[in-house]
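S.K.:
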Amino acid sequence: MATRNSTRPATVGGVDETQKSMASSISSFWATFLILSSAGFLPLLVFGRGGFSVDLIHRDSPKSPHYDPSSTPFSRLKDAAERSRARAIYFRDAIQKTSSISSALSSTDNIYSKIIPDSFEYLMSLYLGSPVEEFLAIADTGSDLIWVQCKPCEECYPQKAPLFDPHASSTYKVISCNTDSCSSLPQTSCGEESQCEYKYGYGDGSLVDGFLSSETLSFDSTGGRRIQVPSTLFGCTHRSNGTFSKNGAGLVGLGGGKLSLIRQLGSAIESKFSYCLPSSSQASATSRLNFGASADVSGSNAVTTPLITGFPSTFYFLSLEQVSVEGQGAVKVKPGMQISNHTERGNIIIDSGTTLTLVDDETLKSIAAKVARSVKLPQVKDPNNNFNLCFDVSGYGANAQFPDITFQFAGGASVVLLQSNAFVEAAQNVVCMSLVSSAGIGVNIFGNIAQQNFHIGYNLDAMQLTFAPAYCANL
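In the numbering used here, the protein residues as written are 59 to 533.
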């Protein structure tokens, strides 16, 4: 069984670092990709064995253009809890809907960009059209469609950047409603000229409406050339509403469905990507989000578990077998998720966009009972009613001790969560276990606090997910 203490510097993931960073560990890891300018163009035919990487910068870093010194860890935690539950409800609704409907880059020429968090969302910088226009768009592992707001936009959320003008691009093309690409969307209709019109909804009630199209997508590369990806399918949105950030002009879907950026790049990136989320206490830290050959995850402590085919294919399902609390034994987890009359083979979704980890109520109560027996501190109520198990750490400070919690996935993949992965400071001198109940929702999610300081690699061809403990600030 791999543990994390053997490969990490003593100041990261141990007791001292954990307690110092507890208050800030609740920040979500949605962020902004800022791509540096480069000259020259290279049509992308194949990536070969190359790959590309982007930098990850924490939202609390002074390097962030959206750095807000007035925000507090407790306000961020309250918002994160609400967003985590809303996202789980969105996943549940998507699963219910799907089950009812259908029972030329070289190895030295790597694409790069920086990711800087904006609230609870990652924004990704990309180039669209001919001539190119640069846009910032939300990067979302829980959806597939790539879209930007386009002219004319009758009812659209306000954005800082100009709207994309499809008529000004020589490579823009509308997709017909009588195509396989159009049928890959969850809700479509035929426009007046047989265009593929989509209506796309998100977990917080946000909606977008537009036409499925194709266009040249471009990235910068470490070789100094801009890499072009021709005929990329995307949505030209002409109507939108909801809670989208004004800093973003759209969204890039990074899920497992046919229309996602990952699936469209496909063999060009060997259907592989990885990321490493640094601890939020490392405010100035940078790390990497990798694609293609750059996304390989290995090492003596790496563990691999199958990605489970589920519905919809957007989500990354895993099979969680048991959860153990250090010194207190293990809790077996139900083998599937029962959503309405449909049972998923996988019983948990891994998602970098959900802050907290959700498990079924029975499992949570058993874990909480074991943690309560292990922790020799007074129990208190969470003042915000977000967490089930909390402790008063007054007078203990960095000396407060909490057990490791191990998630064992199929294939013997044991992922050991240290204190900073499993506990958060919910209020002054109040530390809570960061696992919450999925009761009333039915969807379990392995959230991004649990993923901090792991290098996590997705291989969609092999349908495998690999975890390796890492000091992400140094990757």
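All C-beta atoms in this analysis are idealised placements derived from N, C-alpha and C, irrespective of residue type, glycine included.
#1: My understanding is that G357 touches A526, with C-beta atoms under 8 Å, so please give their C-beta distance in whole angstroms.
#2: Would you mind working out which of L243, N532, L135 sits nearest P336, comparing C-alpha positions?
#3: Specify whether the segment 142-152 and the segment 246-254 touch according to this definition: at least 3 beta carbon pairs, one from each stretch, less than 8 Å apart.
#4: Give the DSSP-derived three-state secondary structure of E251 in the structure shown.
#5: Let me know the secondary structure DSSP gives E212 once reduced to three states.
#6: Could you check what DSSP says for I233 in three-state terms: helix, strand or coil?
#7: Just reading off the alpha helix (DSSP H) that K428 is part of, what are its end residues?
#8: Can you name, in chain order, every residue of its own chain whose Cβ lies under 6 Å from the Cβ of L291, other than the five neighbours on each side?
#9: Can you round the beta-carbon distance between S201 and G368 to whole angstroms, since I take them to be within the 8 Å contact cut?
#10: Assuming T524 and A360 are in contact, meaning their beta carbons sit under 8 Å apart, how far apart are those beta carbons, in whole angstroms?
#11: Between the segment 486-504 and the segment 417-425, can you find at least three pairs of beta-carbon atoms closer than 8 Å?
#12: State the DSSP-derived secondary structure class of Q286, mapped to helix, strand or coil.
#13: Between the Cα of N457 and the Cα atoms of N487, Y333, V389, which residue gives the shortest distance?
#14: If contact is defined by three or more beta carbon pairs under 8 Å, each pair taking one atom from either stretch, is the segment 207-221 in contact with the segment 372-392?
#15: Return helix, strand or coil for D409, following the three-state DSSP convention.
#16: Could you check the C-alpha separation between M521 and P441 for me, to the nearest Å?
#17: Might you give, ordered along the chain, the residues of its own chain that have their beta carbon closer than 7 Å to the beta carbon of E192, omitting 5 neighbours on each side?
#18: Classify Y148 as helix, strand or coil using the three-state DSSP reduction.
#19: Could you check what DSSP says for N479 in three-state terms: helix, strand or coil?
#20: Classify L184 as helix, strand or coil using the three-state DSSP reduction.
#21: Taking V433 as the reference, which of Q386, G315, K218 has the closest Cα?
#22: Tell me the residue span of the alpha helix (DSSP H) that contains N506.
#23: In whole angstroms, give me the CA-to-CA distance for Q477 and K392.
#24: Would you give the residue range spanned by the beta strand (DSSP E) that I320 belongs to?
M.R.: Answer, in terms of the structure:
#1: 5 Å
#2: N532
#3: no
#4: coil
#5: coil
#6: coil
#7: 419-432
#8: S239, S272, L317
#9: Their Cβ separation, rounded to whole angstroms, is 15 Å, which puts S201 and G368 out of contact at 8 Å.
#10: 5 Å
#11: yes
#12: strand
#13: N487
#14: no
#15: coil
#16: 42 Å
#17: S183, Y185
#18: helix
#19: helix
#20: strand
#21: Q386
#22: 506-509
#23: 25 Å
#24: Unbroken run through I320 is the alpha helix (DSSP H), 319-323; no beta strand (DSSP E).
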